[in-house]
Ligand SMILES: NC(=O)c1ccc[n+]([C@@H]2O[C@H](COP(=O)([O-])OP(=O)(O)OC[C@H]3O[C@@H](n4cnc5c(N)ncnc54)[C@H](OP(=O)(O)O)[C@@H]3O)[C@@H](O)[C@H]2O)c1
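Residue numbers (our numbering): 20 to 291.
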């Protein structure tokens, strides 16, 4: 059974994006699985409902081309899942300006580029959904992930504002805030910053990094996030935030006083 609906997913080559593509295809949707290098992917072999498109979220021309191709070939776009992203890790002082700008170019401006490209189409149809993959780190920052958290906090503000702005056009905006998820994120999608001669953080990094890794290894499977994205894409409600494997992290952060949060992080991560 086909639903007659189309979802466009960014960063569908692996992890959460790939799991989401497979789930939507299983459930009868046409999936426009977008990625930087479609020629290297076997995803289309999983289902004849999955079509691959080339899209780099940091390149507006590539975004515009992919969106136009998807509309022409699939008949429209009902849901966009802004999933592409990676994590810059390390002490802020060790990160170069170029690394920080690249992090924002992908995790924040990439989402803006894709959203900008699909909005005229959705406004015209007076229907559509924009599902942004944020992170629990967009609600509670962790040491060594300050810039990654900054991009995801920015995405929170953008999503909440847009949620209010697009209601009048019957376009729902959602933000998914996953906790730790077992994907390739921590190998292929993590950039570790270090600065020659900067040794002041060595002991801190040596203490914290193994605890972060232990957390990462205890993560949930990406399909858990895919199911949340499905609920966000199909549910009737105007609910904004979803927390797959993240509720226990995100929810208490809203009311735990700062000093207690410091003590928790210090204890959990052996931070200092
Ligand atoms: N894993 C977690 O614990 C976790 C937790 C919370 C939130 N998240 C978020 O979940 C999203 C997906 O991450 P993941 O865990 O599934 O990691 P992943 O398996 O490494 O997937 C990241 C995806 O983003 C793509 N990407 C990176 N830069 C891109 C660009 N400029 N244009 C298009 N695609 C680009 C990658 O494509 P290439 O194949 O071309 O590199 C890859 O498909 C990210 O936004 C991440 O911040 C992950």
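Glycine residues also receive a C-beta, built at the ideal position from the N, C-alpha and C atoms.
All values derive from a computational prediction rather than experimental measurement.
Of all C-beta pairs linking the region 150-158 to the region 183-196, three or more are shorter than 8 Å, placing the two stretches in contact. Apart from sequence neighbours up to five positions away, the residues of its chain that approach residue 24 with a beta-carbon distance below 6 Å are 48, 97, ordered along the chain.
Assigned with DSSP and collapsed to three states, residue 134 falls in helix. Residue 266 is classed as exposed because its beta carbon has fewer than 16 other beta carbons within 10 Å across all chains shown. Between residue 51 and residue 93 a beta carbon distance of about 6 Å is seen, short of the 8 Å cut, so the two are scored as contacting. Pairing residue 74 with residue 82 gives a Cβ-Cβ distance under 7 Å. DSSP places residue 200 in no alpha helix (DSSP H); its state is neither H nor E.
When secondary structure is reduced to three states using DSSP, residue 151 falls in the strand class. With a 10 Å radius around the Cβ and a threshold of 16 neighbouring Cβ atoms, residue 182 comes out buried. Contact between residue 102 and residue 149 is absent: CB atoms are separated by about 12 Å, not below the 8 Å threshold. Put simply, of 124, 90, 54, 290 the residue whose alpha carbon is nearest the alpha carbon of residue 220 is 290. The secondary-structure analysis by DSSP pairs residue 54 across a beta bridge with 73. Judged by DSSP in its simplified three-state form, residue 65 adopts helix. Per DSSP, reduced to three states, the secondary structure at residue 192 is strand. In the structure shown, residue 27 falls within a strand segment according to DSSP collapsed to helix, strand and coil. Each residue's CA atom was taken as its position, placing residue 90 and residue 201 some 32 Å apart. Each residue's CA atom was taken as its position, placing residue 279 and residue 161 some 14 Å apart. The alpha helix (DSSP H) runs lying completely inside the region 196-274 and spanning 4 residues or more are 221-236, 241-253, 266-272, given in chain order. Residue state for residue 42 is assigned as helix, using DSSP reduced to three classes. Cβ-Cβ separation between residue 170 and residue 131: approximately 11 Å, too far for a contact (criterion under 8 Å). For ligand 1, a non-hydrogen atom lies closer than 6 Å to the CB of residue 204. By the Cβ neighbour-count rule, residue 216 is exposed, with fewer than 16 other Cβ atoms within 10 Å of its own.
Around the beta carbon of residue 262, a 10 Å sphere encloses 16 or more other beta carbons of the protein chains shown; the residue is thus reported as buried. Under DSSP, residue 49 takes part in a beta bridge, and its partners are 25.
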